[in-house]
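Read the structure below first, then the notes.
Number of protein chains: 2
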Amino acid sequence: MISEKMKPLVANNSAIRAMFEEGAKQKAIYGEDQVFDFSLGNPNVPAPKEVKQAIIDILNEEDPVVVHGYMNNAGFPEVRKAIADSLNRRFDTHFHEGNILMTVGAASGLNVILKTLLNPGDEVITFAPYFVEYGAYVGNYDGKLVVVSPDTATFQPNLAELEEKITPKTKAVIINTPHNPTGVIYSEETLKKLAAILEKKQKEYGSVIFLISDEPYRELAYDGAVVPYVTKYYANTIVGYSFSKSLSLPGERIGYLVIPDELDDAENVFQAASIATRVSGSVNAPSLMQLVIARCIDASVDVEYYDRNRNALYNGLTECGFVCTKPQGAFYLFVKSPFPDEAKFCELAKKHHILMVPGSSFACPGYVRLAYCVSYETIERSLPAFRELAKECF
Amino acid sequence: MISEKMKPLVANNSAIRAMFEEGAKQKAIYGEDQVFDFSLGNPNVPAPKEVKQAIIDILNEEDPVVVHGYMNNAGFPEVRKAIADSLNRRFDTHFHEGNILMTVGAASGLNVILKTLLNPGDEVITFAPYFVEYGAYVGNYDGKLVVVSPDTATFQPNLAELEEKITPKTKAVIINTPHNPTGVIYSEETLKKLAAILEKKQKEYGSVIFLISDEPYRELAYDGAVVPYVTKYYANTIVGYSFSKSLSLPGERIGYLVIPDELDDAENVFQAASIATRVSGSVNAPSLMQLVIARCIDASVDVEYYDRNRNALYNGLTECGFVCTKPQGAFYLFVKSPFPDEAKFCELAKKHHILMVPGSSFACPGYVRLAYCVSYETIERSLPAFRELAKECF
């Protein structure tokens, strides 16, 4: 009874479900603390205390008809202004509330902007490894996702191949920095080169190519790493952001799009995106959480916690022989599989109660992803299991 | 730069915006309390006190990683169970948590189920007058909205015409009861006849026709009116619900779909709908509000307030000569325009600072919609203006 478009998504979902069920099964047999589940990107660090306080203050101070009511589909103006001001303070940008559109998380933001821009057959380019849902998002609007193969030496985007793959049908390029699943941050040098290629191709084809920067991990950067603000390098940039990780609110579905004035046809794109938010059924980002964001704009989760996890897991794994680019941001390690077929590696790891996601799920076989947004104790307890696993691999 | 599909939606949006701007302009000139804005279906009655208490209790009692975290895309199991139990208690149904899928409001629920079911070219039938966004929702999945003309004698659905308009391509029929914009409740007799037609046509064409019941106004029924539970009359029924009106939480975007076991291919439809929720970008309904719903399942806004408004406005309007079916539910009056062209009536009303929506926006010209989810004082103050307006009409 389900639509032709949903059928492959349902079929594909069984793999995710199988992994989830494997985790639940193992935990039931061996106990919660003897299973090392690195498969899910679900933050384990709680929301900062400012979030709870903001919610209580809002409920005590503001009119419930406003707090829980409809507003402009783009969001409360004062919330959008607070976000614009915060970006301007931190990144020396020049945004105003008219550039900020509140969304039901970053996933919804990406859908809104793709719905706004794509005609059937339009091409959207992204770089492997990539978050597999991009394919579904682009497919929702009958676009075609074009994948650039990975540069496994650095996991910076393969720009030579990008240039080859841009066609007159290229409507957008999606990047994700800090990057899931590798933890790489796209350098200023990378962004400058990327911008130059897009500028050149826009001129060559007389087309407009939008750069969509998916940035839910922006605030998770380690060792003082700088995450360059992409709008400063390329005018036709749209930023998708989420507070899922920076404030540990993934279930609340709260984020925004930045649609800068410099964008081609900016005003029209912004208006269409507001309408896309409405007609796609979201209508608006959740109202109470919007107000919370305005009050917590300078709050942050305990990034040090993730950093400690990152070092412990990276050091533990490399010490027993596994190979991995040290992540600069996000909360993932992307580890080279000791066998060409990483499914074999994942199966072997399961025997040691270690759960991880095969790189094939990110269009990058030969690798596995470990999400280290778990308790530090889980990492400590997992290291002997990794050492045993290494013995079977090397 | 925007997509071909979005262009007509942007063009159409200017009418809504114009009305909104007219209201803002008038309020600036004449003062907030001298403009009678009946154009928006935005609840003015605050959320019941139980909502605030539930939020505070949840923040004090539960783990923030759970409260604000990801859960199964279909929603927290205990929330879905609380909803199923409540429906079973009130409507003598037999639902379980596996029938309930939490959504980002009813608009998102409709989009999720249409995405789940529709192939391009599939027909979805609805009855004029109807909520104009249905057209956009069906169009999102390249379906074709087929509109049955209104029965202006009763505003019950025109079933004879429905029967004529069902084809082998009919995938779904959308009903809305209590009804926006007329306030009519579909009677048990109507639902039985409707079910018989759908059963007959399913047999005739060997097809499955889903009945989608959009019910955000279910709890707003007056004079003891019963709103029959649609799944009891037709097996292939899917219910879309929202807490926007029953708990005055429209900005929070919280609702659910009921996908009963009796539905054709129920398990597959449910799974696909969960995935549609995810890939459309919502991912899940907002987490804190889900938990609030479970604790407030028996709470309700002050329906008496709307009832008092309903009587005051209905009596005031009919006393000065306007004609209107007395609404049994929701918070709208659908008033016959004294002129064949209701745009002329709306223009005339504006001069008396009365703002209302033309029936053409609901595919039912010759009528206007007044949303009486406003303060009682607004209604009281508006009645002299309506009397002046009547003098110019009759």
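If you read the protein sequences in the order shown, they are chains A and B. For what it's worth, the numbering used here labels the leading residue of the first sequence as 1063, then goes sequentially. For what it's worth, the numbering used here labels the leading residue of the second sequence as 1063, then goes sequentially. The C-beta atom is built at its ideal place from N, Cα and C for all residues, glycine as well.
Query raised in the report: When you compare only the Cα positions, how much space is there between Ala1405/B and Val1128/B?
Result: 51 Å
Query raised in the report: By the 10 Å Cβ neighbour count, where 16 or more other Cβ atoms means buried, how is Tyr1434/A classified, buried or exposed?
Result: buried
Requested in this report: Work out the CA separation of Glu1409/B and Pro1212/B for me, nearest whole Å.
Outcome: 24 Å
Query raised in the report: Listing by chain order, which chain B residues have their CB less than 9 Å from the CB of Ser1362/A?
Result: Residues of chain B passing the Cβ test: none, with the nearest at roughly 15 Å.
Query raised in the report: Using 8 Å as the limit for Cβ to Cβ distance, is Pro1070/A near chain B?
Result: no
Query raised in the report: Taking buried to mean at least 16 other C-beta atoms within 10 Å of its own C-beta, is Asn1377/B buried or exposed?
Result: exposed
Query raised in the report: Closest by CA to Gly1160/A, which one among Lys1206/A, Gln1333/A and Gly1391/A?
Result: Gln1333/A
**Report entry** Members of the region 1443-1455 of chain A near chain B, C-beta cut-off 7 Å
**Finding:** none
Query raised in the report: Any idea if Gln1352/A is buried or exposed, counting beta-carbon neighbours within 10 angstroms, 16 or more meaning buried?
Result: buried
Requested in this report: Quick one: residues in its chain with C-beta nearer than 8 Å to the C-beta of Asn1371/A, no 5 flanking neighbours on either side, listed in chain order?
Outcome: Phe1393, Tyr1434, Cys1435, Val1436, Tyr1438 and Ile1441
Query raised in the report: Should Gln1096/B be labelled buried (16 or more other beta-carbon atoms within 10 Å of its own) or exposed?
Result: exposed
Query raised in the report: What residue from Ile1228/A, Thr1216/A and Pro1191/A has the CA that sits closest to Lys1206/A's CA?
Result: Ile1228/A
Query - the region 1286-1293 of chain A contacting the region 1244-1263 of chain A, beta-carbon criterion three pairs below 8 Å - result: yes
Query raised in the report: At a CB-CB cut-off below 9 Å, which residues of chain B make contact with Val1270/A?
Result: Met1063
Query raised in the report: By the criterion of Cβ-Cβ separation under 9 Å, what are the contact partners of Asp1326/B in chain A?
Result: Met1063
Query raised in the report: Can you tell me the Cα-Cα spacing of Met1068/B and Tyr1196/B, whole angstroms?
Result: 15 Å
Query raised in the report: On the three-state DSSP scale, how would you describe Ala1433/B?
Result: strand
Query raised in the report: Are there 16 or more other CB atoms within 10 angstroms of the CB of Gly1186/A, so buried, or fewer, so exposed?
Result: Rather than Gly, the amino acid found at residue 1186/A in this sequence is Val. Buried.
Report task. Output the boundary residues of the beta strand (DSSP E) element that contains Asn1238/A. Result -> Thr1232 to Asn1238
Report task. Counting only the same chain and skipping the five closest in sequence on each side, list residues whose C-beta sits under 8 Å from that of Gly1085/A. Result -> Val1097, Asp1099, Ser1101 and Leu1417
**Report entry** Beta carbon proximity, Ile1441/B to chain A, threshold 8 Å
**Finding:** no
**Report entry** Thr1283/B versus Ala1109/B, His1241/B, Ser1269/B and Leu1319/B, residue with shortest Cα-Cα distance
**Finding:** The sequence shown places Ala at residue 1283/B, rather than the Thr named in the question. Checked all of Ala1109/B, His1241/B, Ser1269/B and Leu1319/B; the closest Cα to Ala1283/B is His1241/B.
**Report entry** Residues within the region 1300-1324 of chain B neighbouring chain A, beta-carbon criterion of under 9 Å
**Finding:** Ser1306, Leu1309, Ser1310, Leu1311, Pro1312, Gly1313, Glu1314, Arg1315 and Ile1316
Report task. Please classify Thr1232/A: is it buried, with 16 or more other beta-carbons within 10 angstroms of its beta-carbon, or exposed? Result -> buried
Query raised in the report: Thinking C-beta only, is Arg1315/B closer than 8 Å to Ser1344/A?
Result: yes
**Report entry** Start-to-end residues for the alpha helix (DSSP H) that takes in Lys1262/B
**Finding:** Glu1250 to Tyr1267
Report task. Using a Cβ-Cβ cut-off of 8 Å, state whether Ser1423/B counts as contacting chain A. Result -> no
Query - Completely contained alpha helix (DSSP H) runs for the region 1121-1186 of chain B, where each covers 4 or more residues - result: 1126-1129, 1139-1153 and 1167-1179
**Report entry** Which residues DSSP lists as bridging Leu1417/A, in chain order
**Finding:** Asp1099/A
Query - Simplified DSSP state of Lys1398/B, which is helix, strand or coil - result: strand
Query raised in the report: Where does Gly1391/B sit, in a helix, a strand or coil, going by DSSP?
Result: strand
Query raised in the report: In chain order, what residues of the region 1351-1377 of chain A put their CB closer than 9 Å to some CB of chain B?
Result: Met1351 and Gln1352
Query raised in the report: Should Ala1136/A be labelled buried (16 or more other beta-carbon atoms within 10 Å of its own) or exposed?
Result: buried
Query - Within chain B, the residues that Ser1344/A reaches when beta carbons sit closer than 9 Å - result: Val1166, Gly1167, Ala1169, Ser1170, Asn1173, Arg1315, Ser1342, Gly1343 and Ser1344
Requested in this report: Please go through the same chain and pick out, in chain order, the residues whose beta-carbon is closer than 7 Å to the beta-carbon of Ala1425/A, but skip the five residues on each side of it.
Outcome: Ala1190, Pro1191, Tyr1192 and Val1209
Query raised in the report: If the cut is a Cβ gap below 9 Å, which residues of chain A does Pro1402/B touch?
Result: Near Pro1402/B there are no residues of chain A at all, since even the closest Cβ is about 31 Å away, more than 9 Å.
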